[in-house]
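Data block below; observations after.
Residue numbers (full-length UniProt numbering): 1 to 623.
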């Protein structure tokens, strides 16, 4: 009962906050019902994450407090009246609705299952869970997935506090779909309901959306901010109202508050205004974006010494949390591994095609790609834009397209990570622009092509959902499901059964952190420096033990067994070194299920774990 109440109340609160925001911006009465509702979602979603940050900082996130906040927020929905009217779909509209229903059903079976996505279990779901348990926000001195902006994840706190895990996972499924509401609302300015809905289904079934929207990944939800920002910039471009300046600053700031790449997006929004000679609106957007998205950067600056931890080291930062060895390792191994091709003009042009049809593994396009639809629509859109070039030059879609193109150029040419899913927040705007133009340039051909792509993507979506469908059909229990779908889940069960609240385990299995019921420290090999687990570390055993003891660590989980030949990872080498030097005792060993792909069932095998108990000091010789 509370699961549904928590999810619905959070949803209405988001719309209500958006209603308050649009009312204050004097936009609520000047918009048609559907665009008003779509913009309210994007604005309200960001406002909820923003409001919950200071409350979590002081521990005011218990269920009663959360209920009061959500109820007050929900009252703003009165400013969204009148609501959009239901438009009866035509024959093709019912076909599109059927495709949407199929996709929704696949997402639903995922939403009611225990979470198994690695990133979600490492921080997207884990951080809200720990905030609720600790009644506080604690800084995590870890690069990439530790000291990261969490505005989107703050919205997960609301359903989690009121309805538990099931409410949170249902919320992520629902918010993943509602992130496309602004897309549908904007598409209706140019397209019929059927065409508009087809674009939504197209976006919601691309591999990257399927992979991330139903889990805790933020990229799909960030798309709502990009849609609102693109709309606000396009409207300001033509009528220069300050309401749209503020809306643009808020949306761009919320994107920055949810992901580092949002800083680039916000900077580009400012640059676009400066390009029009509007320095005052540009300054306003910069300041509002900083206010809307700066919470987490300020928090990390205060707690870790670096707002972009650890990117500013050694100019900013704290030597307790980072050092030269780890900075060098990040540059040498991690950053280099994130790019497969040079950041050059030829590859800038070739990347969209190559990432679709001949991707490098690091791009992760096979499981988190953006689908073939943009490439399918592009030729028709180009022909249409040329044919109606005078109208195109005056269209707000041109401004949106320019902003998306600018982001892509900066993203690629700066040599940052080339994982294609980082472009997912832009996809709805790209599909909107291409879809509107292409539909005018070849209606029948485009319709056939889009139908084929949607069918293909639905098949892929169904394959992704098979594990969840099997769980429902077999009435599979929680532990049985997790043993089958989560790598090394038995290790979490062992630790929960044998360790207590006074113990603390050093663990390198990121996907298990969410399910641990005992204190832990995540021993990531390269992204954290409080314990040196680099392969070339020559740290004396006694110093290594002292560092672990200083963090309260009592046990170490290593894979493989101590007596297995061959080099393990840095955590295994650290454990083996401590054991050999008499700094740790072997407690037990066990096996757990390992696999490379839970969706396809590939690469199944066994992991061999040992658990070590740390001594107070090192003794000479082997224990």
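Yeah, the Cβ is synthetic: ideal placement off N, Cα and C, and Gly gets one too.
Straight-line gap, residue 147 to residue 601 (C-alpha atoms, nearest Å): Between residue 147 and residue 601, the C-alpha separation is close to 33 Å.
Sequence-distant residues of its chain with Cβ nearer than 8 Å to residue 493 (five each side left out): Exclusion of the five residues before and after residue 493 leaves 479 as the residues of its chain whose Cβ lies within less than 8 Å of its Cβ.
Assumed close pair residue 520, residue 505 - CB separation to whole angstroms, cut-off 8 Å: Yes, residue 520 and residue 505 are in contact; Cβ-Cβ is about 5 Å, under 8 Å.
Counterpart residues of residue 611 in DSSP-defined beta bridges: DSSP output for residue 611 lists 557 and 588 as bridge partner(s).
Coil, strand or helix - residue 455 by DSSP: If DSSP states are grouped into helix, strand and coil, residue 455 belongs with the helices.
Straight-line gap, residue 459 to residue 155 (C-alpha atoms, nearest Å): Answer to the nearest angstrom: the Cα atoms are 31 Å apart.
Length of the line joining the Cα atoms of residue 574 and residue 533: Their Cα atoms are separated by approximately 7 Å.
Distance, residue 354 Cα to residue 315 Cα: Taking C-alpha positions only, residue 315 is separated from residue 354 by approximately 38 Å.
Three-state secondary structure assigned by DSSP to residue 71: Helix at residue 71.
Between the CA atoms of residue 612 and residue 589 - distance to the nearest angstrom: Computed Cα separation, rounded: 9 Å.
9 Å Cβ cutoff met for residue 624 and residue 449: In this structure the chain extends from 1 to 623, so residue 624 is not present and cannot be described.
Buried or exposed (CB count within 10 angstroms, at least 16 for buried), residue 391: So residue 391 ends up on the exposed side.
Host beta strand (DSSP E) of residue 341 (start-end): Looking at the DSSP string, residue 341 is not in any beta strand (DSSP E), and its letter there is neither H nor E.
6 Å Cβ shell around residue 27 - same chain, five flanking residues per side excluded: Excluding five sequence positions before and after residue 27, the CB atoms of its chain that fall closer than 6 Å to its own CB belong to 243, given in chain order.
Buried versus exposed, by CB contacts within 10 Å (16 or more), residue 622: Here the model assigns residue 622 a pLDDT of 48, short of 50, so the residue's position is not dependable, and the following value carries that caveat. Result: exposed.
Contacts around residue 139, its chain only, beta-carbon distance under 6 Å, and the 5 residues preceding and following it disregarded: These residues qualify, in order along the chain: 303 and 304.
CB contact flag (residue 14, residue 59, <9 Å): In this structure, residue 14 lies away from residue 59, with their beta-carbon atoms at least 9 Å apart.
Three-way DSSP call (helix, strand, coil) for residue 504 in this model: Coil, per DSSP.
Runs of alpha helix (DSSP H) lying entirely within the segment 461 to 500, each at least 4 residues, in chain order: For the segment 461 to 500, the full-length alpha helix (DSSP H) segments reaching 4 residues or more read 478 to 485 and 489 to 498 along the chain.
Given 8 Å, three or more beta-carbon pairs between the segment 543 to 556 and the segment 574 to 587: Yes, the segment 543 to 556 touches the segment 574 to 587.
Pairwise C-alpha distance: residue 457 and residue 366: Distance between the alpha carbons of residue 366 and residue 457: 12 Å.
DSSP-derived helix/strand/coil call for residue 444: Helix at residue 444.
For residue 175, the three-state DSSP class (helix, strand or coil): DSSP places residue 175 in helix when its eight states are reduced to three.
Residue 265, enclosing alpha helix (DSSP H) - first and last residue: Judged by DSSP secondary structure, residue 265 falls within the alpha helix (DSSP H) whose first and last residues are 261 to 275.
Residue 587 versus residue 563 - alpha carbon distance: Taking the straight line joining both Cα atoms gives about 14 Å.
Simplified DSSP assignment, three categories, for residue 595: In this structure, DSSP gives residue 595 a state outside helix and strand, which the three-state scheme calls coil.
Beta carbon of residue 159 nearer than 9 Å to that of residue 6: It is a contact, given that the beta carbons lie within the stated cut-off.
Cross-strand partners of residue 605 (DSSP beta bridge): Its beta-bridge partners are 594.
One or two residues paired with residue 315 in a DSSP bridge: Residue 315 is not bridged to any residue.
Range covered by the beta strand (DSSP E) that runs through residue 522: It spans 520 to 522 - the beta strand (DSSP E) in which residue 522 sits, taken as one unbroken run.
Three-state secondary structure assigned by DSSP to residue 145: Residue state, collapsed to three classes: coil.
Spatial distance of residue 394 from residue 85 (CA atoms): Taking C-alpha positions only, residue 394 is separated from residue 85 by approximately 30 Å.
Residue 1 - DSSP class collapsed to helix/strand/coil: In the structure shown, the three-state DSSP call for residue 1 is coil.
CB of residue 125 within 9 Å of CB of residue 216, strictly: Contact: yes.
Burial state of residue 34 (16 or more Cβ within 10 Å): Sixteen is the threshold: when 16 or more other Cβ atoms of the shown chains lie within 10 Å of the Cβ of residue 34, as they do, the residue is buried.
Span of the alpha helix (DSSP H), counted from its first residue to its last, around residue 294: Where residue 294 is concerned, there is no enclosing alpha helix (DSSP H), given that its DSSP letter is neither H nor E.
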